[in-house]
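For the record, in the sequence shown the residue sitting at position 160 is 483 according to my numbering, with numbers rising by one throughout.
Quick reminder that beta carbons are idealized off the backbone N, C-alpha and C, glycines included.
This structure is a prediction, so every number in the text was calculated from the model and none was measured.
What follows is one structure encoded as structure tokens, with my remarks underneath.
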Amino acid sequence: MALVFQVSTTNICVLLAFTYLLYKIVSHDRQNGITTQLRGPTEDQALLTERWASEYGPVFYFPSLLGEQRLVLSDPKAVAHFYGKAGSGYTRTPIGRMFIEILFGKNLLWTEGKVHRRQCKHLTSAFSNAAIWDLTYVFYDSAHKAIKRQSHLASPHQGAPSMAL
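Below, the structure written as structure tokens:
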């Protein structure tokens, strides 16, 4: 014979409140020093990056996880140069490429160098102003069809409640 439990809204609310209270107690104890207080950086990492920028200049590397290095650009000209090249002159890390391939596949985001430039060149014509103007009527017609369908669904039927939009 199987046991059947009836769970009411009150039981769920009490369980959630108890879980939240337990979480707050545990996190409060961790923050208020059950262990020895150690020196460490402030919570605001922007201050650390700002200090490094004043020490090392507007463009610098810093060590990251697993021996990787991260590049920080705080010089407007360097940022404009980086985005002006659209990242095509800069390579991704092998781990970054692997994640992009897993998430999105081998596409425009994954490619680099000459292949990336070739794919961008082929896609540029599809996103030009003329191409977008040529497709505007499709969006216009689709929007009007959706409005018509929604107004049909919202119109009062016999015995059905009406809905004003």
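Bridge-paired residues (DSSP) for residue i
i, result
"Q392", "P386"
Contacting residues, own chain, Cβ-Cβ under 6 Å from residue i (five flanking each side not counted)
i, result
"S387", "R393"
"F385", "R393"
Residues near residue i by beta carbon distance below 8 Å, same chain, minus five either side
i, result
"V402", "L396"
"S350", "none"
"Q329", "none"
"L446", "L431"
Residues near residue i by beta carbon distance below 7 Å, same chain, minus five either side
i, result
"I335", "none"
"T414", "E435"
"L370", "none"
"T372", "V395"
Whole-angstrom C-beta distance between residue j and residue i, which should lie under 8 Å
i, j, result
"L431", "Q442", "5 Å"
"T416", "E391", "6 Å"
Of the residues the options, the one placed nearest residue i, counting alpha carbons only
i, options, result
"L389", "F341, N452, L446, I418", "I418"
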